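According to the UniProt record's numbering, the sequence shown is numbered sequentially starting from 1. Every residue gets a Cβ at the ideal spot worked out from N, C-alpha and C, and that includes glycine. Because the structure is a prediction, the values reported are computed rather than measured. Below is one structure, written out as C-alpha coordinates, with a few remarks after it.
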Amino acid sequence: MKLSYDNLPDYLKPCLLYMGMFPEDARILVSKLIWLWIAEGFIQITESAILMEEAAEGYLMDLISSNLVMVSKRKYNGKIKYCQVHDVVLHFCLERSREEKFMLAVESSELHFQPSHWKVSRVTFCFSNELTKFASPGSKTRKPFHQYLRSLITTKSNRSEISYQNPFSQVTNLRLLTVLDLSSHIVHYLSSATLQPLIHLKYLAVTADKFHFHEKSHLLLLKTLVVKWLCGRTWLPTNFWKMEKLRHVEITRAVSCWEEQISKESSKLENLRILRMDFALYKADCLNILAQRCPNLQELETTILREDSKSAKTRLNLESFTQLQILHISVDKRLILSKLYLPSNLKKLILRVVITENTISLIAGLPSLEYLQLRDEKYYRYDEKLCLGHITFHRLKFLKLVSLDFTWWDASEESFPLLETLTIKRCDKLWSIPYSFADSQTLKQIKFIGCNNQPLVASAVRIKKEVQDIEGCNRIDVIIEVETNSYMLFLSICVHIMCCHVTRRSWVQAVKQPLAEV
(Lines of atoms letter the chains of each structure in order from A and count residues from 1; the text may use other names and numbers.)
(Lines give C-alpha, C1' and ligand atoms only; values in the text may rest on other atoms or scores of the structure.)
Protein backbone atom coordinates (compact mmCIF):
# COMPACT_ATOMS: atom_id res chain seq x y z
CA MET A 1 0.00 0.00 0.00
CA LYS A 2 2.86 2.36 0.86
CA LEU A 3 4.51 1.65 -2.49
CA SER A 4 1.28 2.41 -4.38
CA TYR A 5 0.94 5.68 -2.49
CA ASP A 6 4.57 6.69 -3.06
CA ASN A 7 4.18 6.09 -6.81
CA LEU A 8 1.26 8.51 -7.05
CA PRO A 9 1.88 11.99 -8.49
CA ASP A 10 2.11 14.61 -5.76
CA TYR A 11 -1.19 16.23 -6.75
CA LEU A 12 -3.09 12.93 -6.23
CA LYS A 13 -1.75 12.16 -2.76
CA PRO A 14 -3.95 14.63 -0.82
CA CYS A 15 -6.97 13.47 -2.84
CA LEU A 16 -6.39 9.90 -1.70
CA LEU A 17 -5.71 10.83 1.92
CA TYR A 18 -8.95 12.83 1.90
CA MET A 19 -10.85 9.55 1.59
CA GLY A 20 -10.17 9.16 5.30
CA MET A 21 -12.67 11.97 5.95
CA PHE A 22 -15.49 9.52 5.25
CA PRO A 23 -16.64 6.66 7.53
CA GLU A 24 -15.60 3.06 7.03
CA ASP A 25 -17.58 1.23 4.32
CA ALA A 26 -19.20 4.53 3.28
CA ARG A 27 -20.45 4.94 -0.27
CA ILE A 28 -19.07 8.35 -1.21
CA LEU A 29 -21.15 10.54 -3.50
CA VAL A 30 -18.71 11.52 -6.23
CA SER A 31 -20.24 14.94 -6.83
CA LYS A 32 -19.80 15.82 -3.14
CA LEU A 33 -16.24 14.50 -3.14
CA ILE A 34 -15.41 16.67 -6.13
CA TRP A 35 -16.88 19.81 -4.54
CA LEU A 36 -14.83 19.14 -1.41
CA TRP A 37 -11.64 18.63 -3.41
CA ILE A 38 -12.25 21.92 -5.20
CA ALA A 39 -12.89 23.79 -1.94
CA GLU A 40 -9.73 22.31 -0.42
CA GLY A 41 -7.67 23.57 -3.37
CA PHE A 42 -6.52 20.12 -4.50
CA ILE A 43 -7.45 20.60 -8.16
CA GLN A 44 -4.80 22.05 -10.45
CA ILE A 45 -5.92 23.45 -13.80
CA THR A 46 -3.27 23.40 -16.54
CA GLU A 47 -5.59 24.18 -19.46
CA SER A 48 -7.98 27.11 -19.35
CA ALA A 49 -10.63 25.23 -21.37
CA ILE A 50 -10.96 22.48 -18.73
CA LEU A 51 -13.38 23.01 -15.84
CA MET A 52 -12.29 22.18 -12.31
CA GLU A 53 -15.08 19.59 -12.09
CA GLU A 54 -13.76 17.84 -15.20
CA ALA A 55 -10.20 17.89 -13.89
CA ALA A 56 -11.42 16.44 -10.57
CA GLU A 57 -13.17 13.60 -12.41
CA GLY A 58 -9.84 12.88 -14.08
CA TYR A 59 -8.15 12.73 -10.69
CA LEU A 60 -10.72 10.22 -9.48
CA MET A 61 -10.30 8.07 -12.57
CA ASP A 62 -6.53 8.03 -11.98
CA LEU A 63 -7.08 6.78 -8.41
CA ILE A 64 -9.48 4.12 -9.69
CA SER A 65 -6.97 3.04 -12.36
CA SER A 66 -4.39 2.67 -9.59
CA ASN A 67 -6.77 0.28 -7.75
CA LEU A 68 -6.85 2.59 -4.73
CA VAL A 69 -10.50 3.63 -5.11
CA MET A 70 -13.38 1.35 -6.09
CA VAL A 71 -16.48 2.09 -8.15
CA SER A 72 -19.61 1.50 -6.07
CA LYS A 73 -22.35 2.61 -8.48
CA ARG A 74 -22.50 4.09 -11.96
CA LYS A 75 -24.99 6.46 -13.54
CA TYR A 76 -27.09 5.60 -16.59
CA ASN A 77 -24.34 6.98 -18.86
CA GLY A 78 -21.52 5.00 -17.26
CA LYS A 79 -20.14 7.86 -15.19
CA ILE A 80 -19.37 7.10 -11.56
CA LYS A 81 -22.05 8.10 -9.05
CA TYR A 82 -20.66 6.51 -5.87
CA CYS A 83 -17.18 5.33 -4.98
CA GLN A 84 -15.58 3.79 -1.89
CA VAL A 85 -12.26 2.56 -0.57
CA HIS A 86 -11.22 -0.80 0.84
CA ASP A 87 -10.63 -1.03 4.58
CA VAL A 88 -6.90 -1.50 3.97
CA VAL A 89 -6.75 1.73 1.96
CA LEU A 90 -8.82 3.61 4.53
CA HIS A 91 -6.63 2.53 7.43
CA PHE A 92 -3.52 3.56 5.48
CA CYS A 93 -5.06 6.98 4.77
CA LEU A 94 -5.87 7.47 8.45
CA GLU A 95 -2.40 6.45 9.62
CA ARG A 96 -0.56 8.51 6.98
CA SER A 97 -2.80 11.52 7.62
CA ARG A 98 -2.07 11.32 11.34
CA GLU A 99 1.67 11.17 10.68
CA GLU A 100 1.59 14.15 8.32
CA LYS A 101 -0.99 16.04 10.42
CA PHE A 102 -3.10 16.18 7.29
CA MET A 103 -6.35 14.98 8.82
CA LEU A 104 -7.80 13.35 11.92
CA ALA A 105 -10.83 11.06 12.18
CA VAL A 106 -12.15 11.27 15.75
CA GLU A 107 -14.03 8.40 17.36
CA SER A 108 -17.56 9.25 18.48
CA SER A 109 -17.19 9.35 22.25
CA GLU A 110 -16.64 11.97 24.92
CA LEU A 111 -13.25 10.49 25.75
CA HIS A 112 -11.88 11.24 22.27
CA PHE A 113 -13.70 14.53 21.78
CA GLN A 114 -10.99 16.99 22.82
CA PRO A 115 -11.04 19.76 20.18
CA SER A 116 -8.14 21.69 21.67
CA HIS A 117 -5.89 18.62 21.15
CA TRP A 118 -6.60 18.33 17.43
CA LYS A 119 -3.35 19.77 16.03
CA VAL A 120 -4.28 19.03 12.41
CA SER A 121 -5.71 21.00 9.50
CA ARG A 122 -8.78 18.80 8.97
CA VAL A 123 -11.07 16.96 11.37
CA THR A 124 -13.98 14.59 10.80
CA PHE A 125 -16.05 12.88 13.47
CA CYS A 126 -19.29 11.02 13.90
CA PHE A 127 -22.19 12.42 15.91
CA SER A 128 -23.60 10.42 18.81
CA ASN A 129 -25.90 11.29 21.69
CA GLU A 130 -23.00 11.58 24.13
CA LEU A 131 -21.05 13.80 21.78
CA THR A 132 -24.02 16.11 21.27
CA LYS A 133 -24.35 16.61 25.03
CA PHE A 134 -20.61 17.05 25.46
CA ALA A 135 -20.33 19.71 22.75
CA SER A 136 -23.44 21.63 23.79
CA PRO A 137 -23.08 25.20 25.13
CA GLY A 138 -23.97 24.10 28.67
CA SER A 139 -21.23 21.51 28.96
CA LYS A 140 -18.67 22.32 31.66
CA THR A 141 -16.03 20.15 30.02
CA ARG A 142 -16.30 21.60 26.55
CA LYS A 143 -13.01 22.85 25.14
CA PRO A 144 -12.49 25.22 22.21
CA PHE A 145 -11.47 24.02 18.78
CA HIS A 146 -7.89 24.38 17.63
CA GLN A 147 -7.72 27.84 16.04
CA TYR A 148 -5.81 26.70 12.94
CA LEU A 149 -8.44 24.19 11.87
CA ARG A 150 -9.23 24.51 8.15
CA SER A 151 -11.84 21.79 7.58
CA LEU A 152 -14.52 20.39 9.86
CA ILE A 153 -16.83 17.61 8.65
CA THR A 154 -19.35 15.66 10.71
CA THR A 155 -20.92 12.34 9.81
CA LYS A 156 -24.03 10.71 11.19
CA SER A 157 -24.10 7.92 13.74
CA ASN A 158 -26.72 5.19 13.33
CA ARG A 159 -27.56 5.45 17.00
CA SER A 160 -27.66 9.24 17.12
CA GLU A 161 -30.91 11.00 17.88
CA ILE A 162 -31.96 14.29 16.36
CA SER A 163 -31.08 17.22 18.59
CA TYR A 164 -32.13 20.79 18.04
CA GLN A 165 -29.28 22.28 20.04
CA ASN A 166 -26.50 23.92 18.10
CA PRO A 167 -23.31 22.42 19.55
CA PHE A 168 -21.02 24.34 17.24
CA SER A 169 -21.64 27.99 17.96
CA GLN A 170 -17.91 28.23 18.65
CA VAL A 171 -16.92 27.34 15.07
CA THR A 172 -17.27 31.03 14.21
CA ASN A 173 -13.97 31.52 16.03
CA LEU A 174 -12.20 29.35 13.46
CA ARG A 175 -11.23 32.21 11.19
CA LEU A 176 -9.18 30.02 8.80
CA LEU A 177 -11.98 27.53 8.16
CA THR A 178 -12.51 26.79 4.45
CA VAL A 179 -14.74 23.68 4.67
CA LEU A 180 -17.63 23.37 7.13
CA ASP A 181 -20.04 20.44 6.80
CA LEU A 182 -22.46 20.13 9.73
CA SER A 183 -25.22 18.61 7.60
CA SER A 184 -25.40 15.44 9.71
CA HIS A 185 -26.75 17.45 12.65
CA ILE A 186 -30.10 19.26 12.54
CA VAL A 187 -30.23 22.72 14.10
CA HIS A 188 -33.46 24.58 14.71
CA TYR A 189 -32.36 27.98 13.41
CA LEU A 190 -29.27 29.28 11.66
CA SER A 191 -28.49 32.64 10.13
CA SER A 192 -25.75 33.33 7.62
CA ALA A 193 -24.85 36.32 9.79
CA THR A 194 -23.63 33.87 12.45
CA LEU A 195 -21.02 32.63 10.00
CA GLN A 196 -19.90 36.09 8.91
CA PRO A 197 -16.45 35.84 10.60
CA LEU A 198 -15.61 32.82 8.41
CA ILE A 199 -14.35 34.94 5.53
CA HIS A 200 -12.27 32.11 4.03
CA LEU A 201 -15.15 29.65 3.84
CA LYS A 202 -15.49 27.94 0.44
CA TYR A 203 -17.73 24.97 1.28
CA LEU A 204 -20.76 25.16 3.58
CA ALA A 205 -23.31 22.39 4.17
CA VAL A 206 -25.89 22.61 6.97
CA THR A 207 -29.23 21.09 7.93
CA ALA A 208 -31.70 23.42 9.65
CA ASP A 209 -35.40 23.87 10.25
CA LYS A 210 -34.99 27.55 9.42
CA PHE A 211 -32.18 29.31 7.61
CA HIS A 212 -31.96 33.08 7.25
CA PHE A 213 -29.84 34.81 4.64
CA HIS A 214 -28.56 38.10 5.98
CA GLU A 215 -28.98 41.07 3.69
CA LYS A 216 -25.34 42.14 3.96
CA SER A 217 -22.86 40.45 1.66
CA HIS A 218 -20.38 38.07 3.25
CA LEU A 219 -18.92 34.63 2.59
CA LEU A 220 -17.80 36.02 -0.74
CA LEU A 221 -15.34 33.15 -1.37
CA LEU A 222 -18.03 30.48 -1.04
CA LYS A 223 -18.05 27.96 -3.91
CA THR A 224 -20.48 25.33 -2.59
CA LEU A 225 -23.59 26.10 -0.53
CA VAL A 226 -25.93 23.30 0.61
CA VAL A 227 -28.84 24.02 2.97
CA LYS A 228 -31.31 21.18 3.62
CA TRP A 229 -34.37 20.24 5.68
CA LEU A 230 -36.05 23.64 5.65
CA CYS A 231 -39.59 23.57 7.08
CA GLY A 232 -40.55 26.91 5.57
CA ARG A 233 -39.42 28.95 2.61
CA THR A 234 -36.20 30.90 2.68
CA TRP A 235 -36.26 34.10 0.68
CA LEU A 236 -32.96 35.02 -0.89
CA PRO A 237 -31.81 38.64 -0.64
CA THR A 238 -30.47 40.54 -3.62
CA ASN A 239 -26.91 40.25 -2.34
CA PHE A 240 -27.06 36.47 -2.72
CA TRP A 241 -26.75 36.99 -6.46
CA LYS A 242 -23.46 38.86 -5.94
CA MET A 243 -21.58 35.84 -4.58
CA GLU A 244 -19.54 35.50 -7.74
CA LYS A 245 -17.43 32.50 -6.64
CA LEU A 246 -20.43 30.16 -6.29
CA ARG A 247 -20.24 26.98 -8.38
CA HIS A 248 -22.86 24.77 -6.71
CA VAL A 249 -25.98 25.90 -4.83
CA GLU A 250 -28.59 23.56 -3.35
CA ILE A 251 -31.18 25.07 -1.01
CA THR A 252 -34.33 23.20 -0.03
CA ARG A 253 -37.40 25.40 -0.47
CA ALA A 254 -35.45 28.55 -1.20
CA VAL A 255 -37.41 31.07 -3.22
CA SER A 256 -36.26 33.97 -5.33
CA CYS A 257 -38.67 36.63 -6.60
CA TRP A 258 -37.09 38.14 -9.68
CA GLU A 259 -38.93 41.44 -9.92
CA GLU A 260 -37.86 42.45 -6.45
CA GLN A 261 -34.40 40.94 -6.29
CA ILE A 262 -32.53 41.05 -9.57
CA SER A 263 -31.84 44.38 -11.18
CA LYS A 264 -29.89 45.25 -14.30
CA GLU A 265 -26.89 46.07 -12.12
CA SER A 266 -26.71 42.62 -10.54
CA SER A 267 -23.49 40.70 -10.97
CA LYS A 268 -23.26 37.67 -13.21
CA LEU A 269 -22.59 34.34 -11.54
CA GLU A 270 -20.42 33.06 -14.37
CA ASN A 271 -18.89 30.29 -12.24
CA LEU A 272 -22.23 28.80 -11.20
CA ARG A 273 -22.69 25.32 -12.69
CA ILE A 274 -25.39 23.70 -10.49
CA LEU A 275 -28.46 25.47 -9.08
CA ARG A 276 -31.28 23.78 -7.15
CA MET A 277 -34.01 26.02 -5.73
CA ASP A 278 -37.55 27.31 -6.35
CA PHE A 279 -38.69 30.41 -8.20
CA ALA A 280 -41.78 32.57 -7.78
CA LEU A 281 -43.11 33.24 -11.26
CA TYR A 282 -44.67 36.60 -11.99
CA LYS A 283 -43.41 37.26 -15.51
CA ALA A 284 -42.88 34.80 -18.32
CA ASP A 285 -39.34 36.05 -18.98
CA CYS A 286 -38.03 35.40 -15.44
CA LEU A 287 -36.08 32.36 -16.62
CA ASN A 288 -34.45 34.46 -19.32
CA ILE A 289 -33.23 36.77 -16.56
CA LEU A 290 -31.80 33.78 -14.74
CA ALA A 291 -30.04 32.63 -17.90
CA GLN A 292 -28.47 36.07 -18.27
CA ARG A 293 -27.28 36.13 -14.65
CA CYS A 294 -26.04 32.51 -14.72
CA PRO A 295 -24.88 32.00 -18.31
CA ASN A 296 -22.86 28.83 -17.67
CA LEU A 297 -25.42 26.73 -15.78
CA GLN A 298 -25.09 23.04 -16.58
CA GLU A 299 -27.68 21.68 -14.13
CA LEU A 300 -30.91 23.31 -12.96
CA GLU A 301 -33.43 21.84 -10.52
CA THR A 302 -36.38 24.06 -9.71
CA THR A 303 -40.08 24.34 -8.97
CA ILE A 304 -41.94 27.18 -10.65
CA LEU A 305 -44.31 28.64 -8.06
CA ARG A 306 -47.30 30.94 -8.23
CA GLU A 307 -47.78 33.06 -5.13
CA ASP A 308 -51.53 33.75 -5.38
CA SER A 309 -54.30 31.15 -5.34
CA LYS A 310 -55.54 31.78 -8.88
CA SER A 311 -54.86 29.52 -11.81
CA ALA A 312 -53.08 31.01 -14.77
CA LYS A 313 -51.64 29.99 -18.10
CA THR A 314 -47.95 30.43 -18.63
CA ARG A 315 -45.20 29.46 -21.00
CA LEU A 316 -41.73 28.38 -20.01
CA ASN A 317 -38.85 29.22 -22.28
CA LEU A 318 -35.50 27.76 -21.27
CA GLU A 319 -33.82 27.97 -24.66
CA SER A 320 -31.51 30.72 -23.34
CA PHE A 321 -29.71 28.17 -21.15
CA THR A 322 -27.30 27.20 -23.89
CA GLN A 323 -24.95 25.25 -21.58
CA LEU A 324 -27.68 23.36 -19.70
CA GLN A 325 -27.33 19.56 -19.77
CA ILE A 326 -29.49 18.46 -16.81
CA LEU A 327 -32.94 19.90 -16.07
CA HIS A 328 -35.31 18.89 -13.26
CA ILE A 329 -38.39 21.07 -13.36
CA SER A 330 -41.75 20.99 -11.56
CA VAL A 331 -44.62 23.37 -12.17
CA ASP A 332 -47.10 24.59 -9.55
CA LYS A 333 -50.50 22.93 -10.01
CA ARG A 334 -52.09 26.39 -10.32
CA LEU A 335 -49.99 27.12 -13.38
CA ILE A 336 -51.31 25.73 -16.65
CA LEU A 337 -48.42 25.20 -19.00
CA SER A 338 -49.38 26.44 -22.44
CA LYS A 339 -45.97 26.16 -24.12
CA LEU A 340 -42.62 24.68 -23.20
CA TYR A 341 -39.32 25.49 -24.90
CA LEU A 342 -36.24 23.49 -23.93
CA PRO A 343 -32.52 23.94 -24.67
CA SER A 344 -31.20 21.65 -27.38
CA ASN A 345 -28.15 20.50 -25.38
CA LEU A 346 -30.19 18.68 -22.72
CA LYS A 347 -28.96 15.18 -21.90
CA LYS A 348 -31.09 14.50 -18.81
CA LEU A 349 -34.65 15.73 -18.25
CA ILE A 350 -36.98 15.20 -15.28
CA LEU A 351 -40.43 16.69 -15.79
CA ARG A 352 -43.31 17.14 -13.39
CA VAL A 353 -45.82 18.90 -15.61
CA VAL A 354 -49.00 18.06 -17.50
CA ILE A 355 -47.93 15.85 -20.37
CA THR A 356 -49.53 16.43 -23.77
CA GLU A 357 -48.76 14.93 -27.14
CA ASN A 358 -47.15 18.21 -28.20
CA THR A 359 -44.91 18.16 -25.14
CA ILE A 360 -43.84 14.58 -25.87
CA SER A 361 -43.05 15.49 -29.48
CA LEU A 362 -40.96 18.44 -28.32
CA ILE A 363 -39.02 16.28 -25.87
CA ALA A 364 -38.41 13.61 -28.51
CA GLY A 365 -36.96 16.29 -30.75
CA LEU A 366 -34.12 17.05 -28.33
CA PRO A 367 -31.08 15.75 -30.24
CA SER A 368 -28.88 14.91 -27.22
CA LEU A 369 -31.46 13.59 -24.73
CA GLU A 370 -30.33 10.32 -23.09
CA TYR A 371 -32.34 10.27 -19.82
CA LEU A 372 -36.05 11.06 -19.45
CA GLN A 373 -38.15 10.88 -16.30
CA LEU A 374 -41.85 11.78 -16.30
CA ARG A 375 -43.35 12.34 -12.87
CA ASP A 376 -46.79 13.08 -11.42
CA GLU A 377 -47.72 14.03 -7.85
CA LYS A 378 -51.41 13.19 -8.23
CA TYR A 379 -52.61 16.72 -8.69
CA TYR A 380 -52.09 16.46 -12.43
CA ARG A 381 -54.47 14.38 -14.52
CA TYR A 382 -53.21 12.57 -17.56
CA ASP A 383 -55.25 11.04 -20.35
CA GLU A 384 -55.84 7.33 -19.99
CA LYS A 385 -53.69 6.65 -23.03
CA LEU A 386 -50.13 7.68 -23.82
CA CYS A 387 -49.50 7.36 -27.53
CA LEU A 388 -45.87 7.20 -28.61
CA GLY A 389 -46.20 4.98 -31.65
CA HIS A 390 -45.40 7.73 -34.14
CA ILE A 391 -42.72 9.43 -32.01
CA THR A 392 -39.02 8.52 -31.94
CA PHE A 393 -36.58 9.27 -29.12
CA HIS A 394 -33.41 8.93 -31.15
CA ARG A 395 -30.76 8.86 -28.40
CA LEU A 396 -32.75 7.97 -25.28
CA LYS A 397 -31.06 5.30 -23.12
CA PHE A 398 -33.00 5.57 -19.87
CA LEU A 399 -36.78 6.05 -19.44
CA LYS A 400 -38.43 6.32 -16.01
CA LEU A 401 -42.17 6.71 -15.41
CA VAL A 402 -43.22 7.73 -11.89
CA SER A 403 -46.78 7.80 -10.48
CA LEU A 404 -48.43 8.42 -13.84
CA ASP A 405 -52.20 7.95 -14.13
CA PHE A 406 -52.51 6.49 -17.61
CA THR A 407 -53.75 2.91 -17.98
CA TRP A 408 -52.40 2.11 -21.43
CA TRP A 409 -49.59 3.23 -23.68
CA ASP A 410 -48.32 2.27 -27.07
CA ALA A 411 -44.88 2.42 -28.65
CA SER A 412 -43.53 1.16 -31.92
CA GLU A 413 -40.31 -0.67 -32.66
CA GLU A 414 -38.84 2.67 -33.79
CA SER A 415 -39.87 4.65 -30.69
CA PHE A 416 -36.78 3.85 -28.58
CA PRO A 417 -33.99 2.59 -30.86
CA LEU A 418 -31.24 2.97 -28.19
CA LEU A 419 -33.16 2.39 -24.94
CA GLU A 420 -31.26 0.30 -22.37
CA THR A 421 -33.29 0.72 -19.16
CA LEU A 422 -37.02 1.08 -18.52
CA THR A 423 -38.04 1.90 -14.93
CA ILE A 424 -41.65 2.08 -13.76
CA LYS A 425 -42.41 3.36 -10.26
CA ARG A 426 -45.85 3.38 -8.59
CA CYS A 427 -47.83 3.45 -11.84
CA ASP A 428 -50.75 1.58 -10.30
CA LYS A 429 -53.16 2.07 -13.19
CA LEU A 430 -50.80 0.87 -15.89
CA TRP A 431 -51.59 -2.70 -16.92
CA SER A 432 -48.95 -3.60 -19.46
CA ILE A 433 -45.77 -2.64 -21.25
CA PRO A 434 -45.98 -2.39 -25.06
CA TYR A 435 -45.00 -5.71 -26.60
CA SER A 436 -42.92 -3.80 -29.16
CA PHE A 437 -40.17 -3.67 -26.53
CA ALA A 438 -39.50 -7.31 -27.38
CA ASP A 439 -38.16 -6.06 -30.72
CA SER A 440 -35.65 -3.74 -29.05
CA GLN A 441 -32.04 -4.66 -29.78
CA THR A 442 -30.62 -2.59 -26.90
CA LEU A 443 -32.96 -3.11 -23.92
CA LYS A 444 -31.10 -4.61 -20.93
CA GLN A 445 -33.28 -3.98 -17.91
CA ILE A 446 -36.92 -3.51 -16.90
CA LYS A 447 -37.26 -2.36 -13.32
CA PHE A 448 -40.35 -2.01 -11.13
CA ILE A 449 -40.49 0.02 -7.93
CA GLY A 450 -43.58 -0.18 -5.73
CA CYS A 451 -45.87 -1.39 -8.52
CA ASN A 452 -49.12 -2.91 -7.22
CA ASN A 453 -50.46 -4.86 -10.20
CA GLN A 454 -49.27 -8.26 -11.32
CA PRO A 455 -50.32 -7.98 -15.01
CA LEU A 456 -47.80 -5.15 -15.46
CA VAL A 457 -44.96 -7.32 -14.16
CA ALA A 458 -46.24 -10.25 -16.20
CA SER A 459 -46.03 -8.20 -19.41
CA ALA A 460 -42.34 -7.55 -18.71
CA VAL A 461 -41.78 -11.27 -18.10
CA ARG A 462 -43.40 -12.06 -21.47
CA ILE A 463 -41.08 -9.62 -23.21
CA LYS A 464 -38.08 -11.15 -21.44
CA LYS A 465 -39.11 -14.67 -22.44
CA GLU A 466 -39.73 -13.66 -26.05
CA VAL A 467 -36.23 -12.15 -26.33
CA GLN A 468 -34.72 -15.19 -24.66
CA ASP A 469 -36.47 -17.58 -27.05
CA ILE A 470 -35.32 -15.60 -30.09
CA GLU A 471 -31.73 -14.82 -29.05
CA GLY A 472 -31.03 -17.80 -26.81
CA CYS A 473 -29.55 -15.60 -24.06
CA ASN A 474 -30.73 -13.87 -20.92
CA ARG A 475 -30.28 -10.28 -22.15
CA ILE A 476 -33.12 -8.53 -20.28
CA ASP A 477 -33.18 -8.47 -16.49
CA VAL A 478 -36.54 -7.99 -14.75
CA ILE A 479 -35.94 -6.39 -11.36
CA ILE A 480 -38.48 -5.68 -8.64
CA GLU A 481 -37.98 -3.30 -5.73
CA VAL A 482 -40.84 -3.09 -3.26
CA GLU A 483 -41.23 -0.70 -0.35
CA THR A 484 -41.14 -2.46 3.00
CA ASN A 485 -44.76 -1.63 3.77
CA SER A 486 -45.74 -3.63 0.69
CA TYR A 487 -43.95 -6.83 1.64
CA MET A 488 -46.99 -9.11 1.35
CA LEU A 489 -47.68 -7.74 -2.10
CA PHE A 490 -44.07 -8.41 -2.97
CA LEU A 491 -44.41 -12.08 -1.98
CA SER A 492 -47.45 -12.54 -4.21
CA ILE A 493 -45.61 -11.00 -7.16
CA CYS A 494 -42.64 -13.27 -6.51
CA VAL A 495 -44.92 -16.30 -6.74
CA HIS A 496 -46.36 -14.95 -9.98
CA ILE A 497 -42.90 -14.45 -11.47
CA MET A 498 -41.87 -17.99 -10.54
CA CYS A 499 -44.89 -19.27 -12.41
CA CYS A 500 -43.76 -17.29 -15.45
CA HIS A 501 -40.39 -19.11 -15.55
CA VAL A 502 -38.09 -16.20 -14.71
CA THR A 503 -34.45 -17.30 -14.74
CA ARG A 504 -32.55 -17.81 -11.50
CA ARG A 505 -30.33 -14.77 -12.10
CA SER A 506 -33.27 -12.39 -12.49
CA TRP A 507 -35.00 -14.00 -9.51
CA VAL A 508 -31.98 -13.32 -7.29
CA GLN A 509 -31.85 -9.72 -8.48
CA ALA A 510 -35.56 -9.34 -7.88
CA VAL A 511 -35.56 -10.53 -4.27
CA LYS A 512 -32.15 -9.63 -2.91
CA GLN A 513 -32.66 -5.92 -2.27
CA PRO A 514 -36.23 -6.00 -0.89
CA LEU A 515 -35.41 -8.84 1.50
CA ALA A 516 -32.36 -6.94 2.74
CA GLU A 517 -34.53 -3.91 3.45
CA VAL A 518 -37.16 -5.95 5.28
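Assigned exposure category for residue i - 16 Cβ within 10 Å defines buried
{"i": "residue 19", "result": "buried"}
{"i": "residue 343", "result": "buried"}
{"i": "residue 470", "result": "exposed"}
{"i": "residue 74", "result": "exposed"}
{"i": "residue 220", "result": "exposed"}
{"i": "residue 277", "result": "buried"}
{"i": "residue 243", "result": "buried"}
{"i": "residue 434", "result": "buried"}
{"i": "residue 181", "result": "buried"}
{"i": "residue 450", "result": "buried"}
{"i": "residue 7", "result": "exposed"}
{"i": "residue 460", "result": "buried"}
{"i": "residue 11", "result": "exposed"}
{"i": "residue 224", "result": "buried"}
{"i": "residue 390", "result": "exposed"}
Endpoints, alpha helix (DSSP H) assigned at residue i
{"i": "residue 56", "result": "52-65"}
{"i": "residue 185", "result": "Taken as a continuous stretch (DSSP letters only), residue 185 belongs to no alpha helix (DSSP H), being part of the beta strand (DSSP E) at 179-191."}
{"i": "residue 96", "result": "87-100"}
{"i": "residue 359", "result": "357-364"}
{"i": "residue 458", "result": "454-471"}
Cα-Cα separation, residue i to residue j
{"i": "residue 124", "j": "residue 104", "result": "6 Å"}
{"i": "residue 233", "j": "residue 253", "result": "5 Å"}
{"i": "residue 412", "j": "residue 441", "result": "13 Å"}
{"i": "residue 13", "j": "residue 56", "result": "13 Å"}
{"i": "residue 2", "j": "residue 92", "result": "8 Å"}
{"i": "residue 407", "j": "residue 227", "result": "39 Å"}
{"i": "residue 482", "j": "residue 201", "result": "42 Å"}
{"i": "residue 347", "j": "residue 287", "result": "19 Å"}
{"i": "residue 399", "j": "residue 255", "result": "30 Å"}
{"i": "residue 99", "j": "residue 397", "result": "47 Å"}
{"i": "residue 58", "j": "residue 328", "result": "26 Å"}
{"i": "residue 503", "j": "residue 425", "result": "Note on residue 503: pLDDT 40, under 50, position unreliable in the model; no value is reported."}
{"i": "residue 464", "j": "residue 476", "result": "6 Å"}
{"i": "residue 174", "j": "residue 150", "result": "8 Å"}
{"i": "residue 44", "j": "residue 16", "result": "15 Å"}
{"i": "residue 314", "j": "residue 23", "result": "47 Å"}
{"i": "residue 110", "j": "residue 154", "result": "Confidence at residue 110 is low in this model, with a pLDDT of 47, below 50, so the placement of that residue is unreliable and no value is reported for it."}
{"i": "residue 301", "j": "residue 472", "result": "43 Å"}
{"i": "residue 289", "j": "residue 295", "result": "10 Å"}
{"i": "residue 237", "j": "residue 214", "result": "7 Å"}
{"i": "residue 41", "j": "residue 458", "result": "53 Å"}
{"i": "residue 4", "j": "residue 35", "result": "25 Å"}
{"i": "residue 189", "j": "residue 210", "result": "5 Å"}
{"i": "residue 467", "j": "residue 478", "result": "12 Å"}
{"i": "residue 199", "j": "residue 222", "result": "9 Å"}
Beta-bridge pairing of residue i - partner residues as DSSP gives them
{"i": "residue 477", "result": "445"}
{"i": "residue 426", "result": "Beta-bridge pairing links residue 426 to no other residue."}
{"i": "residue 203", "result": "179 and 224"}
{"i": "residue 317", "result": "341"}
{"i": "residue 372", "result": "349 and 399"}
{"i": "residue 276", "result": "250 and 301"}
{"i": "residue 125", "result": "106 and 154"}
{"i": "residue 330", "result": "303 and 352"}
CB-CB length for residue i against residue j, believed under 8 Å
{"i": "residue 29", "j": "residue 76", "result": "Their Cβ separation, rounded to whole angstroms, is 16 Å, which puts residue 29 and residue 76 out of contact at 8 Å."}
{"i": "residue 446", "j": "residue 422", "result": "5 Å"}
{"i": "residue 373", "j": "residue 345", "result": "18 Å between Cβ atoms; not a contact."}
{"i": "residue 195", "j": "residue 172", "result": "6 Å"}
For residue i, the first and last residue of its enclosing beta strand (DSSP E)
{"i": "residue 438", "result": "From DSSP, residue 438 is part of no beta strand (DSSP E); its letter is neither H nor E."}
{"i": "residue 43", "result": "Neither: residue 43 is in no beta strand (DSSP E) and is coded neither H nor E."}
{"i": "residue 72", "result": "70-74"}
{"i": "residue 289", "result": "That residue, residue 289, is in no beta strand (DSSP E); its alpha helix (DSSP H) goes 286-293."}
{"i": "residue 83", "result": "80-84"}
Residue i CB to nearest heavy atom of the ligand MN below 6 Å
{"i": "residue 243", "result": "Of the ligands one can find in the structure shown there are none, so the ligand MN has no counterpart to examine."}
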